[in-house]
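Chains as they are written, first to last, in the numbering used here: chain E, 4 to 187; chain P, 4 to 187.
All C-beta atoms in this analysis are idealised placements derived from N, C-alpha and C, irrespective of residue type, glycine included.
As the structure is a computational prediction, the values presented were derived from the model and not from experiment.
All remarks here apply to the structure that follows.
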């Protein structure tokens, strides 16, 4: 559960910055929704670890776990605050948006054409992250979003991929999406 | 300054988890040290943005900037709390350590042999992140650490690289370090 919480909090931070860069309410709302899930996990982790501490008559493990869970929960709260800038309709300054886009690790989007080698493959089959450095953190399919896709998520032609990675990986990623680059 | 703060907070979270995985005090202490730098940046950002708001008679931009800086500062505080588990000499449970290691995004180490193609090259020349998905977040050289290396940092034979990336990228990364794999 702690690892699940860690993964969710990291996704939330990435999505919060994405919401800011693309001034996108839907992404910002997902961050708020994930916060509820993290809170539920947090409560469950506290319950389980205290129960176990009592059973095993050993408070130390519970202390570490709760301490870590509290820190992770705080990270997800910060992500909500970042997303909240978008939800409150405060227009982030274009310079700010540009500089987040131009930092070493950036977030980009790519539309998957029907000529793209990504179309029809799962993220697990592609190993996109280890081959190109780009992590798909969300997919927009038609009007729907898939947030935090797994290795079993299949990319379809027409998808818009939201990906995080090194800025020097962006051109290749976009060409993979458009179908210009035929090799990972 | 905000982007610098964002980058530092992300490095801090990565280092905090690294400290936990490898039960390493030096890495945990670096997180504490970086927190001081983040705090300094935070104060300066507040000063500058309020000054600018007064000059331009426009409070909105300052509000967004300070809001974001506050969220980023909170993330770096959480990183310190995670690192603090190591500094307080609480032994993190081995299962916990293993599960962080085995999550989709992991942290690993590799020792650079003199046969490695990485030796003698800068991180910028290698484009390691976009070629392999692995981000070097710290380098141990002899007894010294280089935290948050830049694209101009040159890898030397004997270095121990601390890298973050997709778990499926780990074997290739380790073979690049040992010299078994000759191609990125």
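Endpoints, the beta strand (DSSP E) within which residue i is located
{"i": "residue 139 (chain E)", "result": "138-144"}
{"i": "residue 25 (chain E)", "result": "Element bounds for residue 25 (chain E): not the beta strand (DSSP E) but the alpha helix (DSSP H), 5-25."}
{"i": "residue 62 (chain P)", "result": "Counting along the chain, residue 62 (chain P) falls outside any beta strand (DSSP E), though it belongs to the alpha helix (DSSP H) covering 62-90."}
{"i": "residue 108 (chain P)", "result": "108-114"}
{"i": "residue 127 (chain P)", "result": "Not the beta strand (DSSP E): residue 127 (chain P) falls in the alpha helix (DSSP H), residues 126-129."}
{"i": "residue 165 (chain E)", "result": "163-169"}
{"i": "residue 158 (chain P)", "result": "It is not in any beta strand (DSSP E) - residue 158 (chain P) carries neither H nor E in the DSSP assignment."}
{"i": "residue 118 (chain P)", "result": "First-last for residue 118 (chain P): undefined, no H or E at that position."}
{"i": "residue 93 (chain P)", "result": "That residue, residue 93 (chain P), is in no beta strand (DSSP E); it is neither H nor E in DSSP."}
{"i": "residue 147 (chain P)", "result": "147-150"}
Expected contact under 8 Å - CB spacing of residue i and residue j to nearest Å
{"i": "residue 55 (chain P)", "j": "residue 69 (chain P)", "result": "Not confirmed; about 11 Å, so no contact."}
{"i": "residue 135 (chain E)", "j": "residue 175 (chain E)", "result": "6 Å"}
{"i": "residue 126 (chain E)", "j": "residue 154 (chain E)", "result": "5 Å"}
{"i": "residue 162 (chain E)", "j": "residue 142 (chain E)", "result": "5 Å"}
{"i": "residue 85 (chain P)", "j": "residue 20 (chain P)", "result": "7 Å"}
{"i": "residue 31 (chain P)", "j": "residue 81 (chain E)", "result": "The Cβ separation is near 21 Å, so there is no contact."}
Alpha-carbon spacing of residue i relative to residue j, whole angstroms
{"i": "residue 169 (chain E)", "j": "residue 107 (chain E)", "result": "6 Å"}
{"i": "residue 25 (chain E)", "j": "residue 166 (chain P)", "result": "29 Å"}
{"i": "residue 129 (chain E)", "j": "residue 159 (chain P)", "result": "32 Å"}
{"i": "residue 18 (chain E)", "j": "residue 64 (chain E)", "result": "32 Å"}
{"i": "residue 157 (chain E)", "j": "residue 186 (chain P)", "result": "29 Å"}
{"i": "residue 58 (chain P)", "j": "residue 177 (chain E)", "result": "41 Å"}
{"i": "residue 101 (chain P)", "j": "residue 29 (chain P)", "result": "20 Å"}
{"i": "residue 37 (chain E)", "j": "residue 133 (chain P)", "result": "29 Å"}
{"i": "residue 144 (chain P)", "j": "residue 14 (chain P)", "result": "19 Å"}
{"i": "residue 151 (chain P)", "j": "residue 179 (chain P)", "result": "20 Å"}
{"i": "residue 7 (chain E)", "j": "residue 103 (chain E)", "result": "27 Å"}
{"i": "residue 51 (chain E)", "j": "residue 105 (chain P)", "result": "22 Å"}
{"i": "residue 9 (chain E)", "j": "residue 98 (chain P)", "result": "15 Å"}
{"i": "residue 109 (chain E)", "j": "residue 16 (chain E)", "result": "13 Å"}
{"i": "residue 27 (chain P)", "j": "residue 60 (chain P)", "result": "49 Å"}
{"i": "residue 62 (chain E)", "j": "residue 47 (chain E)", "result": "17 Å"}
{"i": "residue 146 (chain P)", "j": "residue 184 (chain P)", "result": "27 Å"}
{"i": "residue 43 (chain P)", "j": "residue 42 (chain E)", "result": "31 Å"}
{"i": "residue 53 (chain P)", "j": "residue 96 (chain E)", "result": "15 Å"}
Interface partners of residue i on chain E, CB under 8 Å
{"i": "residue 106 (chain P)", "result": "6, 9, 10"}
{"i": "residue 64 (chain P)", "result": "96"}
{"i": "residue 80 (chain P)", "result": "77"}
Within 8 Å, strictly: CB atoms of residue i and residue j
{"i": "residue 74 (chain E)", "j": "residue 11 (chain E)", "result": "no"}
{"i": "residue 5 (chain E)", "j": "residue 71 (chain E)", "result": "yes"}
{"i": "residue 118 (chain E)", "j": "residue 182 (chain E)", "result": "yes"}
{"i": "residue 35 (chain E)", "j": "residue 83 (chain E)", "result": "yes"}
{"i": "residue 115 (chain E)", "j": "residue 93 (chain P)", "result": "no"}
{"i": "residue 138 (chain P)", "j": "residue 33 (chain P)", "result": "no"}
{"i": "residue 88 (chain E)", "j": "residue 131 (chain E)", "result": "no"}
{"i": "residue 164 (chain E)", "j": "residue 113 (chain E)", "result": "yes"}
Range of the contiguous alpha helix (DSSP H) that encloses residue i
{"i": "residue 98 (chain E)", "result": "97-104"}
{"i": "residue 178 (chain P)", "result": "173-181"}
{"i": "residue 54 (chain P)", "result": "28-59"}
Neighbouring residues, chain P, relative to residue i (Cβ below 8 Å)
{"i": "residue 103 (chain E)", "result": "6, 9"}
{"i": "residue 129 (chain E)", "result": "The contacting residues do not exist; residue 129 (chain E) stays about 11 Å from chain P at best."}
{"i": "residue 55 (chain E)", "result": "The premise fails here: residue 55 (chain E) is roughly 11 Å from chain P at the closest Cβ pair, so nothing lies under 8 Å."}
{"i": "residue 30 (chain E)", "result": "Within chain P, no residue comes near residue 30 (chain E); the closest Cβ sits about 16 Å away, beyond 8 Å."}
Per-residue contacts from residue i into chain E (C-beta, under 7 Å)
{"i": "residue 171 (chain P)", "result": "130, 133"}
{"i": "residue 88 (chain P)", "result": "67, 70, 71"}
{"i": "residue 120 (chain P)", "result": "Under the 7 Å cutoff, chain E gives no residues; its nearest Cβ is about 17 Å from residue 120 (chain P)."}
{"i": "residue 113 (chain P)", "result": "Going along chain E, no residue has its Cβ under 7 Å from residue 113 (chain P), so there is no contact; the nearest lies around 15 Å."}
Chain P residues whose Cβ lies nearer than 9 Å to that of residue i
{"i": "residue 84 (chain E)", "result": "70, 71, 73, 74, 77"}
{"i": "residue 99 (chain E)", "result": "5, 6, 64, 67, 68, 71"}
{"i": "residue 142 (chain E)", "result": "The premise fails here: residue 142 (chain E) is roughly 16 Å from chain P at the closest Cβ pair, so nothing lies under 9 Å."}
Contacts that residue i makes with chain P (C-beta to C-beta distance below 7 Å)
{"i": "residue 158 (chain E)", "result": "The premise fails here: residue 158 (chain E) is roughly 16 Å from chain P at the closest Cβ pair, so nothing lies under 7 Å."}
{"i": "residue 145 (chain E)", "result": "Ordered by position in chain P, no residue passes the 7 Å Cβ test against residue 145 (chain E), which lies about 26 Å from the chain."}
{"i": "residue 110 (chain E)", "result": "What residue 110 (chain E) touches in chain P: nothing, since even the nearest Cβ is about 12 Å away."}
Cutoff 8 Å: residue i Cβ touching any chain A Cβ
{"i": "residue 151 (chain E)", "result": "No chain A appears in this structure, whose protein chains are E and P."}
Chain E residues whose Cβ lies nearer than 9 Å to that of residue i
{"i": "residue 24 (chain P)", "result": "The premise fails here: residue 24 (chain P) is roughly 12 Å from chain E at the closest Cβ pair, so nothing lies under 9 Å."}
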